[in-house]
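Numbering (this note's numbering), first residue to last: 236 to 447.
Glycine residues also receive a C-beta, built at the ideal position from the N, C-alpha and C atoms.
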């Protein structure tokens, strides 16, 4: 019993680690919050972690049934998530005009009420189509067994906790990079995020064509 529980837990941890990628998420978080102060970074990271945990947990428990009720397939979820991710990538590459902004405009931007904890941080970067799909597949594999479902939930909590810790440490990373370094890395990461978005869309299209 314990061996099976441990196996289910480790399997879920590995699957979710590859998808959520705490280190990669933290680096993107550092690029997105370069001009935010410590308390605001901490608040954003905590909200994003909580939201993504709840979304992935609910999606794992009821996602397959919900999608079936709405007549939506996993490929559509992948394509929609990829399209949304492109919007985030565009802002990262262009830095929302940051290089041409005055000091006053930068200060206003850093004090704005725009909340990135929901989009793009929690969704679709942490709780993206890959994570949602993985949770659905893990729960399908569990077959409704309570111990297996508990193992998946604990694995999800562990990965979200690791992601939160990594994001909180990203402030030090941003300080080490400096403004110019953060700007350069932000644009490079924006291109990588765009590529990830394209990958989501291509996988969704490929799956849809095979199903068709």
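For residue 303, count neighbouring C-beta atoms within 10 Å of its own C-beta (all shown protein chains included) and say buried if the count is 16 or more, exposed if not. Along the chain shown, read from residue 1 onward, the residue named residue 303 stands at position 68. Counting Cβ neighbours within 10 Å, residue 303 comes out exposed, since fewer than 16 surround it.
Burial state of residue 239, where buried means 16 or more other Cβ atoms lie within 10 Å: As a working note, residue 239 is residue 4 in the chain shown. By the Cβ neighbour-count rule, residue 239 is exposed, with fewer than 16 other Cβ atoms within 10 Å of its own.
Rounded to whole angstroms, how far is the Cβ of residue 387 from the Cβ of residue 377, which I believe are closer than 8 Å? Counting from one through the chain shown, the residue named residue 387 turns up at place 152. Counting from one through the chain shown, the residue named residue 377 turns up at place 142. Indeed, because the Cβ distance is near 6 Å, the residues count as touching under 8 Å.
Beta-carbon separation of residue 406 and residue 273 under 8 Å? The residue you call residue 406 lines up with position 171 of the chain shown. The residue you call residue 273 lines up with position 38 of the chain shown. It is a contact, given that the beta carbons lie within the stated cut-off.
Burial state of residue 257 (16 or more Cβ within 10 Å): If you number the chain shown from 1, residue 257 lands on position 22. Of the residues assessed, residue 257 falls on the buried side of the cut-off, its CB having 16 or more other CB atoms within 10 angstroms.
Could you give the uninterrupted runs of the alpha helix (DSSP H) lying entirely in the stretch 263-326, keeping only those of 4 residues or more? The stretch 263-326 contains these whole alpha helix (DSSP H) runs: 273-305.
Compute the Euclidean distance between the alpha carbons of residue 295 and residue 365, then round it to the nearest angstrom. If you number the chain shown from 1, residue 295 lands on position 60. If you number the chain shown from 1, residue 365 lands on position 130. Residue 295 and residue 365: Cα-Cα distance of roughly 12 Å.
Determine the direct distance from the alpha carbon of residue 270 to that of residue 242, and round the result to whole angstroms. For the purposes of this step, residue 242 is taken as the residue at position 7 of the chain shown. For the purposes of this step, residue 270 is taken as the residue at position 35 of the chain shown. Cα-Cα distance, rounded: 42 Å.
Which whole-angstrom value describes the C-beta separation of residue 261 and residue 402, a residue pair presumed to lie in contact below a C-beta threshold of 8 Å? The count along the chain shown starts at 1 and reaches residue 261 at position 26. The count along the chain shown starts at 1 and reaches residue 402 at position 167. The pair is a contact, with the Cβ atoms about 5 Å apart (cut-off 8 Å).
In whole angstroms, give me the CA-to-CA distance for residue 318 and residue 253. Within the chain shown, the letter at position 83 stands for residue 318. Within the chain shown, the letter at position 18 stands for residue 253. Cα to Cα, residue 318 sits roughly 21 Å from residue 253.
Cβ pair count under 8 Å reaching 3, the stretch 350-360 against the stretch 283-290: Here the stretch 350-360 makes contact with the stretch 283-290; the two share three or more CB pairs at distances below 8 Å.
Contacting residues, own chain, Cβ-Cβ under 6 Å from residue 310 (five flanking each side not counted): What you label residue 310 is simply residue 75 of the chain shown in a count that begins at 1. Excluding residues within five positions, the ones whose Cβ falls inside 6 Å are 439, 442, 443.
Rank 435, 371, 276 by C-alpha distance to the C-alpha of residue 301 and give the top, closest one. Within the chain shown, residue 301 is the residue found at index 66, counting from 1. When each option's Cα is compared against that of residue 301, the closest is 371.
Please state whether DSSP places residue 362 in a helix, a strand or coil. Along the chain shown, one-based indexing puts residue 362 at 127. It is coil, neither helix nor strand.
Skipping 5 residues on each side, what residues in its chain have a beta carbon closer than 6 Å to that of residue 435? Here residue 435 refers to the residue found at position 200 when the chain shown is read from its first residue. So the qualifying residues of the chain are 313, 316, 317, 364.
Just to confirm, is the Cβ distance from residue 428 to residue 263 under 8 Å? What you label residue 428 is simply residue 193 of the chain shown in a count that begins at 1. What you label residue 263 is simply residue 28 of the chain shown in a count that begins at 1. Less than 8 Å divides the Cβ of residue 428 from the Cβ of residue 263.
Looking only at its own chain, which residues have a Cβ that is under 7 Å from the Cβ of residue 255, when we skip the five neighbours before and after it? Locating residue 255 in the chain shown gives position 20, counting from the first residue. If you ignore the 5 residues before and after residue 255, its C-beta comes within less than 7 Å of the C-beta of 361, 366, 394, 398, all in its own chain and listed in chain order.
Straight-line CA distance for residue 324 to residue 375? Indexing the chain shown from 1 puts residue 324 at position 89. Indexing the chain shown from 1 puts residue 375 at position 140. Roughly 32 Å between the two C-alpha positions.
Can you tell me where the alpha helix (DSSP H) holding residue 354 begins and where it ends? As a working mapping, residue 354 is identified with position 119 in the chain shown. Secondary structure note for residue 354: it is in no alpha helix (DSSP H), with a DSSP letter that is neither H nor E.
Report the residue from 368, 268, 321, 327 whose alpha carbon sits nearest the alpha carbon of residue 307. Taking the first residue of the chain shown as position 1, residue 307 is located at position 72. Answer by Cα proximity: 368.
How many whole angstroms separate the CB atoms of residue 328 and residue 426, which I take to be in contact at a CB cut-off of 8 Å? In the chain shown, counting from the first residue as 1, residue 328 sits at position 93. In the chain shown, counting from the first residue as 1, residue 426 sits at position 191. That belief holds up - the Cβ atoms of residue 328 and residue 426 are roughly 6 Å apart, short of 8 Å.
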